Amino acid sequence: MAVTTLIADSAVVAKRNLIKIKRVPALIVFTTLSPMMFVVLFAYVFGGAIDPATGGAAYREFLIPGIFTQTIIFGTITTGAGLAEDVTKGIVDRFRSLPMAPSAVLAGRTLSDVVNNAIALAVMAVTGLIVGWRVRGSFLDALWAFTLLLIFAYAASWVMALLGLLIPSPEVIGSAPYLGIFPLTSFANTFVPPATMPTPLRVFAEWNPISAVTQAARDLFGNADPDPTVPVSTAWPLEHPQLYTLLWAVAIVAVFAPLASRQYRRAATR
Numbered sequence: 597m598a599v600t601t602l603i604a605d606s607a608v609v610a611k612r613n614l615i616k617i618k619r620v621p622a623l624i625v626f627t628t629l630s631p632m633m634f635v636v637l638f639a640y641v642f643g644g645a646i647d648p649a650t651g652g653a654a655y656r657e658f659l660i661p662g663i664f665t666q667t668i669i670f671g672t673i674t675t676g677a678g679l680a681e682d683v684t685k686g687i688v689d690r691f692r693s694l695p696m697a698p699s700a701v702l703a704g705r706t707l708s709d710v711v712n713n714a715i716a717l718a719v720m721a722v723t724g725l726i727v728g729w730r731v732r733g734s735f736l737d738a739l740w741a742f743t744l745l746l747i748f749a750y751a752a753s754w755v756m757a758l759l760g761l762l763i764p765s766p767e768v769i770g771s772a773p774y775l776g777i778f779p780l781t782s783f784a785n786t787f788v789p790p791a792t793m794p795t796p797l798r799v800f801a802e803w804n805p806i807s808a809v810t811q812a813a814r815d816l817f818g819n820a821d822p823d824p825t826v827p828v829s830t831a832w833p834l835e836h837p838q839l840y841t842l843l844w845a846v847a848i849v850a851v852f853a854p855l856a857s858r859q860y861r862r863a864a865t866r
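In C-alpha cells form, the structure reads like this:
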C-alpha cells in the first residue's frame, strides 16, 4: 500500500511539474536552444578543421552523441532550480501539510525532468538528422542508447535535487552547477577522442562517467571516430561503456536519493 501511495503521489507531483512546463514554454525552448547552438558551432565552425577530408560530415556523426550527453547533464539543473524555487516560495511547506508520501515530491520532480530530457533529446535528434547525423545501428540499439542517456540523466538529477535543497536560491542553483558540469563534460570524449589529450586529462577522460555514456551511445548508434588513425582507448570504462554507465547510475541514486530525501525532510521542517 505504501509503495502504491508513493507511486500515485509521485505521478501527481510529476504532472504538476509538466503542466508548469506547458504554461511556461520558454523552459523547454531554452533547454533545447543551447545544445542546438553547440551543434552548429562544433559541426560547422570547427568540423571542417577537425575533419577536413569530409568537410566535417564524419565529425558531425561523432559529435552528436556527445551533444546528447552534454544536453541531458545540463538539463538536470532544472531539477535543482525547480526544488529551490519551491522551497523559496513555500511550496514545500504546502506539500508537507498534505496527506502524501514525503518522498513523492522528489520522485515526482526527478521523473518529470526525465520527460523534459526526453523532449530535449527528441529535438536534438531531429536537429542532428538535419545536419547530417545518421543512426548506423539497429532501431533497438538506438532505442537502448536513448534509454541509457535518460537513465543516467535521472541519476544525475538526484545530485541536483540535493543541491537545490542545500542552496534554496533559484538564481544561484541555476548558474553555479555550470562551474562543475562544464569541465566535467569538456574533459571527456564528448567532442574529441581521449587519445588526443595530454596524459593526465586522457586518464581522467577515460574514467569520466560522461565519457562512458557518450561512448555507449556512439557504439549503439554506430557512430565511429572520424579519424581511424587515432588510437582506440583500452581503458576498461570505454571498453564496457554500457555496464560502466549503469554502475554509475545505480551508485549515484543509491548515494544521493537518501541524502536528498533527508535534506528535504529538514527543509520542510524549518
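Per the numbering used here, the sequence shown runs over residues 597 to 866.
Yeah, the Cβ is synthetic: ideal placement off N, Cα and C, and Gly gets one too.
Predicted model only: the values in this text are computed from it and were never measured.
Buried versus exposed call for residue i [16 or more other C-beta atoms within 10 Å across all chains shown]
i	result
Arg861	exposed
Ile615	exposed
Ala856	buried
Trp844	buried
Gly686	exposed
Thr825	exposed
Val846	exposed
Leu717	buried
Tyr640	exposed
Thr667	buried
Arg656	buried
Glu767	exposed
Thr600	exposed
Phe735	exposed
Thr795	exposed
Val722	exposed
Ile603	exposed
Val742	Per the sequence shown, residue 742 should be read as Phe rather than Val. Answer is buried; the Cβ neighbour count reaches 16.
Residues of its chain near residue i, where Cβ-Cβ distance is below 8 Å and the 5 sequence neighbours each way are ignored
i	result
Thr841	Leu744, Ile747, Phe748, Pro805, Ala808, Val809 and Ala812
Leu780	Ile669, Asn804 and Ile806
Ser765	Ala680 and Thr684
Ala791	Arg798, Val826, Pro827, Val828 and Ser829
Cβ-Cβ separation, residue j to residue i (assumed contact under 8 Å), whole Å
i	j	result
Leu816	Trp740	6 Å
Gly676	Leu797	27 Å between Cβ atoms; not a contact.
Ala738	Val731	5 Å
Glu802	Leu834	6 Å
Phe658	Pro822	5 Å
Ile769	Ile777	12 Å between Cβ atoms; not a contact.
Cut-off 7 Å between Cβ atoms - residues of its own chain near residue i, not counting five sequence neighbours on either side
i	result
Ser606	Ala700, Ala703, Gly704 and Leu707
Leu775	none
Leu761	Leu679, Val683, Ala856, Gln859, Tyr860 and Ala863
Phe642	none
Phe852	Trp754, Val755 and Leu758
Val609	Ala700, Val701, Gly704 and Arg705
Phe783	Leu797, Phe800, Ala801 and Asn804
Phe664	Leu717, Met720, Leu745 and Ala813
Same chain, Cβ closer than 6 Å to residue i, five either side skipped, listed in chain order
i	result
Gly724	Ile660
Ala653	Gly728
Pro773	Ile673
Ala831	Glu802
Pro837	Ala808, Gln811 and Ala812
Gly733	Leu816, Phe817 and Gly818
Ile848	Ala751
Asp689	none
The segment 630-639 in contact with the segment 690-698 per 3-pair CB rule at 8 Å: A contact between stretches requires three or more CB pairs, one per stretch, nearer than 8 Å, and the segment 630-639 fails this requirement with the segment 690-698.
Counting Cβ pairs closer than 8 Å, one from the segment 741-750 and one from the segment 779-795, do we hit at least three? No: the two stretches stay apart, fewer than three of their Cβ pairs being nearer than 8 Å.
Would you check if the segment 652-672 and the segment 702-721 touch, i.e. whether three or more CB-CB distances between them fall below 8 Å? These segments touch.
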